[in-house]
Amino acid sequence: MTATVTVGEFSRLTHLSVKTLHHYHEIGLLAPVSVDTSSGYRRYGTGQVETALLIRRLRELRMPLPDVRSVVEAGDGAAREETLRTHLERMEQELAHTRDVVTSLRELLTPGRPLLDVQYRFIPPFRAYGVRGQVLRDGIGPWCEFAYGRLGQVAGHISGTSGATYSDEFFTEDEGEVVAFHPVPLDQPAADGVELVDLPGGYFAIAVHAGHMTDFDRTYGALGSHVAEYCEVAPGPIRELYPIGPGDVPDPADYRTEVCWPIQRIPVLKG
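Each residue of the sequence shown is one higher than the one before, counting from 1 in the UniProt record's numbering.
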């Protein structure tokens, strides 16, 4: 037999504050079984306790309210299981990212500048298939999945190292032009969904970033500092080349990214 209780009593039963219960009622997530029209007092059924506890657990897992609603309304069906699975996978990814950031932070706090092997190279001009976009820095991951997915469809059979150019605004304004590219022969015909781009040749100071992208900024910081100290910067966007990327190996620890900083000429370093 289901009894009804006041909102205050229901709060004690479920460890959800009255304010939270009012909010859940307002958004239609957990409505009381009755509301007194004259006083506005809410009453909840004891049969709603399990639902309230489920909501509380899901919110403790930082599940967004729209997803919580989907779980509650789905009952015990496949839709409920799919929503829960997707959220738990997202949390596992966030946990792995947090661990990577903690590791990077500990390394950052270790005294001394990280060792960096800087090479100098002249890269001749070349033609490539490209995908161009105005990209938010926070959205670079999904955009790259889209861009390289498209490049893979039209240029996956052509040998060469894919890469990207990043405008100054991408760094200074958190949004700017990015051109993902894959080299093609000079006589390569146009293709739907990509453009033909001609990348200019030039001298570059190049450093290899190995592994996860969590501390990618350290490679940029170290290479940029080296260039400022020993080189003359040339105009033009920074390039990244991806000799080993997500499409090549399953483990991010095996990724290899070449950061290419444009310089005027190869410097003569005094030993």
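Here a beta-carbon is modelled for each residue, glycine too, at the ideal position from N, C-alpha and C. A quick note: this is a predicted structure, and the numbers were derived from the prediction, not measured.
When the five nearest sequence neighbours on each side are left out, the beta carbons in the same chain lying within less than 8 Å of the beta carbon of L269 are those of Y230, in order along the chain.
Membership of H157 in any beta strand (DSSP E) is not indicated, and neither H nor E is assigned to it by DSSP. Listed in chain order, the non-local C-beta contacts of M91 below 8 Å within the same chain comprise L61, R62, local neighbours out to five positions each way being set aside. Three or more Cβ pairs drawn from the segment 136-148 and the segment 172-188 lie within less than 8 Å of each other, which places the two stretches in contact. In the three-state scheme derived from DSSP, where H, G and I count as helix and E and B as strand, L61 is classed as coil.
According to DSSP, T257 shares a beta bridge with H209.
It is roughly 31 Å from the alpha-carbon of L151 to the alpha-carbon of T98. Annotated as proximal: G47 and T2, with beta-carbon spacing under 7 Å.
Here DSSP, grouped into helix, strand and coil, assigns D100 to helix. Look at P243 here: in three-state DSSP terms it is strand.
One Cα belongs to D254, the other to A79, and the distance between them is close to 36 Å.
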